[in-house]
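In our numbering, the protein residues as written are 782 to 1214.
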């Protein structure tokens, strides 16, 4: 690992001393020193390092022209992520050193510099930098996990609630359509019987028959009821897809058919796949292999499918604005020879530029406009696949041509997930007592 250290001192001998004393670490790439002569130059180095490795540590003299070390220290500590700062001064400047420590300096050194003290101070400071970085990463990961849990929990509760509210009335309607159809057939048969028994209706009845177009009514009414039945069937399928997507009525870990989860997610996204006045239909091509049931967290994997498919749809909708083509999403699944399941979701949209592909799984990274996305979807998906299921989530992309996300879930790991969940269920009651 390479550490980037900024040395701020207006004495040229300091640069020569440090370069000589640390020549081995510099040559091996462990340390990279940058030397400037005053606080103003140092502040520019720290704040204008776009595209360059961040400065981890600042070693600064106190008494310097243009901007002294105390002013530099105060300005650095106003930054969102200030580097660790060690101040250097003579014995006669102990008041300044005390002031620097009170203003956030991590440590201090006395001039003339003692090489052994300098080595110890650098090691201690860089160790503190590593600790802070680790804590920040853990905090960021905890924040993402918390947001993921809240997002998925609220989404699951909302989806399950909607499904429940729709399910009851639609079951009532669907259940009554069958007897309604039977009653209608009975009434139509009665009309036929009346026409056979009384072939010459009164003028008043004859006029009403013509007014209501009785022949057309008798022919169309069964078709109308059949259409209503078909509509309720489609709504019931949608409700089932909502329930499969949320899966709140099932155990946390369950052996599931991944194809059912993908299909349920696609049904929920039908409104975005259909053609609209300003965009063509997005075609979905399924190349499903013969998959076994997979022990997993089904609602979380469904969330992964949702995140990736939504991103693919977004990319295709953007691409059709700039070129004429047939937008297509291809979903393929298979079992590999090393006992894992592969789900690949590809689109023929805009692709992802090479310079941002390495950042797509970073928390809060997004290329979408403000209020169009949080940048959490792929970060959450990566955690679910990698952390929760011990798998891999890989992105392959050709700019301006295609993007493919490959989800790999090891089958052996899925068994361990189920065993762990069963153990947790056994231990939880014992703990509660």
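Glycine included, C-beta positions come from ideal geometry on N, C-alpha and C. Values in this document were obtained by computation on a predicted structure and should not be read as measured data.
Original post:
The alpha helix (DSSP H) with residue 857 in it runs from where to where?
Top reply: Stepping through the chain shown from its first residue, residue 857 is reached at position 76. Start and end: 850-857.
Original post:
When burial is assigned at 16 or more other CB atoms within 10 Å of the CB, is residue 1076 buried or exposed?
Top reply: Within the chain shown, residue 1076 is the residue found at index 295, counting from 1. By the 10 Å Cβ count, residue 1076 comes out buried.
Original post:
Hey, residue 789 and residue 865 are a contact pair by Cβ (cut 8 angstroms); roughly how many whole angstroms apart?
Top reply: By one-based count along the chain shown, residue 789 stands at place 8. By one-based count along the chain shown, residue 865 stands at place 84. No, residue 789 and residue 865 are not in contact; Cβ-Cβ is about 13 angstroms, not under 8 angstroms.
Original post:
Which stretch, first to last residue, makes up the alpha helix (DSSP H) that contains residue 800?
Top reply: As a working mapping, residue 800 is identified with position 19 in the chain shown. Per DSSP, residue 800 belongs to the alpha helix (DSSP H) from 793-802.
Original post:
According to DSSP, is residue 1050 helix, strand or coil?
Top reply: Stepping through the chain shown from its first residue, residue 1050 is reached at position 269. When DSSP states are grouped into helix, strand and coil, residue 1050 belongs to the coil group.
Original post:
Which one or two residues does DSSP pair with residue 1174 in a beta bridge?
Top reply: Counted from its first residue, the chain shown places residue 1174 at position 393. Per DSSP, 1188.
**OP:** Please state whether DSSP places residue 1117 in a helix, a strand or coil.
**Re:** As a first step, residue 1117 must be located in the chain shown, where it is residue number 336. If DSSP states are grouped into helix, strand and coil, residue 1117 belongs with coil.
Original post:
Can you name the start and end residues of the alpha helix (DSSP H) that residue 1095 belongs to?
Top reply: Here the question's residue 1095 lines up with position 314 in the chain shown. Taken as a continuous stretch (DSSP letters only), the alpha helix (DSSP H) holding residue 1095 covers 1079-1100.
**OP:** Whole angstroms is fine: what's the gap from residue 1170's alpha carbon to residue 1191's?
**Re:** One-based indexing of the chain shown puts residue 1170 at position 389. One-based indexing of the chain shown puts residue 1191 at position 410. A straight line joining the alpha-carbon of residue 1170 with that of residue 1191 spans about 8 angstroms.
**OP:** Along the beta strand (DSSP E) that carries residue 743, what are the first and last residues, could you check?
**Re:** In the structure displayed, the chain extends from 782 to 1214; residue 743 sits before or after that span and is not available.
**OP:** Leaving out five residues on either side along the sequence, give the residues of the same chain with a beta carbon under 7 angstroms from the beta carbon of residue 910.
**Re:** Locating residue 910 in the chain shown gives position 129, where the first residue counts as 1. Around residue 910: 837, 838, 865.
Original post:
Alpha carbon to alpha carbon, what distance is there between residue 1143 and residue 799?
Top reply: If you number the chain shown from 1, residue 799 lands on position 18. If you number the chain shown from 1, residue 1143 lands on position 362. In a straight line, the C-alpha of residue 799 is about 36 angstroms away from that of residue 1143.
Subject >> residue 859 versus residue 814 - alpha carbon distance >> reply: Here residue 859 refers to the residue found at position 78 when the chain shown is read from its first residue. Here residue 814 refers to the residue found at position 33 when the chain shown is read from its first residue. Looking at the two C-alpha atoms, the distance is approximately 23 angstroms.
Original post:
In this structure, does DSSP put residue 890 in helix, strand or coil?
Top reply: As a first step, residue 890 must be located in the chain shown, where it is residue number 109. In the three-state reduction of the DSSP assignment, residue 890 falls in the strand class.
**OP:** Note the first and the last residue of the continuous alpha helix (DSSP H) segment covering residue 989.
**Re:** As a position in the chain shown, residue 989 is number 208, starting the count at 1. Residues 984-993.
Original post:
Ordered along the chain, which non-local residues of its own chain (more than five positions away) have a Cβ less than 7 angstroms from that of residue 1193?
Top reply: Locating residue 1193 in the chain shown gives position 412, counting from the first residue. The answer, listed in chain order, is 1120.
**OP:** For residue 956, count neighbouring C-beta atoms within 10 Å of its own C-beta (all shown protein chains included) and say buried if the count is 16 or more, exposed if not.
**Re:** By one-based count along the chain shown, residue 956 stands at place 175. Around the beta carbon of residue 956, a 10 Å sphere encloses fewer than 16 other beta carbons of the protein chains shown; the residue is thus reported as exposed.
Original post:
Can you tell me whether residue 1087 is buried or exposed, with buried defined as 16 or more other CB within 10 angstroms of its CB?
Top reply: Here the question's residue 1087 lines up with position 306 in the chain shown. By the neighbour-count rule (16 or more Cβ atoms within 10 Å), residue 1087 is buried.
Original post:
What are the partner residues of residue 1067, as DSSP defines its beta bridges?
Top reply: Here residue 1067 corresponds to residue number 286 of the chain shown, with the count starting at 1. Residue 1067 pairs with 1112.
Original post:
Going by the beta-carbon positions, is the gap between residue 1006 and residue 1072 smaller than 8 angstroms?
Top reply: For the purposes of this step, residue 1006 is taken as residue 225 along the chain shown, with counting starting at 1. For the purposes of this step, residue 1072 is taken as residue 291 along the chain shown, with counting starting at 1. Contact annotation: residue 1006 and residue 1072 have beta-carbon atoms that are not nearer than 8 angstroms.
**OP:** With a 10 Å radius around its C-beta and 16 neighbouring C-beta atoms as the bar for buried, classify residue 1089 as buried or exposed.
**Re:** Here residue 1089 is taken as the residue at index 308 of the chain shown, counted from 1. Counting the other Cβ atoms within 10 Å of the Cβ of residue 1089 gives 16 or more, which makes it buried.
**OP:** Please confirm whether residue 1108 and residue 1180 have their CB atoms less than 8 angstroms apart.
**Re:** Locating residue 1108 in the chain shown gives position 327, counting from the first residue. Locating residue 1180 in the chain shown gives position 399, counting from the first residue. In this structure, residue 1180 does not lie closer than 8 angstroms to residue 1108 by Cβ.
**OP:** For residue 784, name the three-state secondary structure that DSSP assigns.
**Re:** Taking the chain shown and counting its residues from 1, the one referred to as residue 784 is at position 3. Note: residue 784 maps to strand in three-state DSSP.
Original post:
With 16 as the cutoff for other CB atoms within 10 Å, does residue 889 come out buried or exposed?
Top reply: Residue 889 sits at position 108 when you count from the first residue of the chain shown. Answer is buried; the Cβ neighbour count reaches 16.
**OP:** Determine the DSSP secondary structure at residue 840, reduced to helix, strand or coil.
**Re:** Along the chain shown, read from residue 1 onward, the residue named residue 840 stands at position 59. Three-state result, residue 840: strand.
Subject >> Alpha-carbon spacing of residue 1188 relative to residue 1162, whole angstroms >> reply: Position 407 of the chain shown, counted from the start, is the residue given in the question as residue 1188. Position 381 of the chain shown, counted from the start, is the residue given in the question as residue 1162. Their backbone Cα atoms lie some 10 angstroms apart in a straight line.
**OP:** Count the other C-beta atoms from every protein chain shown that fall within 10 angstroms of the C-beta of residue 1079, then say buried if there are 16 or more, exposed otherwise.
**Re:** Start at 1 with the first residue of the chain shown, and residue 1079 comes out as number 298. Residue burial annotation: residue 1079 is buried, with at least 16 other C-beta atoms found within 10 angstroms of its C-beta.
Subject >> Residue from 1140, 1058, 1110 with nearest C-alpha to residue 1066 >> reply: Along the chain shown, one-based indexing puts residue 1066 at 285. Minimum Cα-Cα distance from residue 1066 among the listed residues 1140, 1058, 1110 corresponds to 1110.
Subject >> Collapsed DSSP secondary structure at residue 1037 in the structure displayed >> reply: Counting from 1 along the chain shown, the entry for residue 1037 is found at position 256. For residue 1037, the secondary structure class from DSSP, reduced to helix, strand or coil, is strand.
Subject >> Neighbourhood of residue 1002 by C-beta, 8 angstroms cutoff - its chain only, sequence neighbours within 5 removed >> reply: Looking up residue 1002 in the chain shown gives position 221. 965, 969.
Subject >> Own chain residues within Cβ distance below 7 angstroms of residue 902, not counting five before or after >> reply: Position 121 of the chain shown, counted from the start, is the residue given in the question as residue 902. Contacts found: 867, 888, 890.
Subject >> Beta-carbon contacts of residue 794 that lie in its chain and below 7 angstroms, excluding the five residues immediately before and after >> reply: Start at 1 with the first residue of the chain shown, and residue 794 comes out as number 13. Within its own chain, no residue has a Cβ closer than 7 angstroms to the Cβ of residue 794 once the five positions on either side in sequence are excluded.
Original post:
For residue 865, which beta-bridge partners are listed by DSSP?
Top reply: Within the chain shown, the letter at position 84 stands for residue 865. As a beta-bridge residue in DSSP terms, residue 865 pairs with 838.
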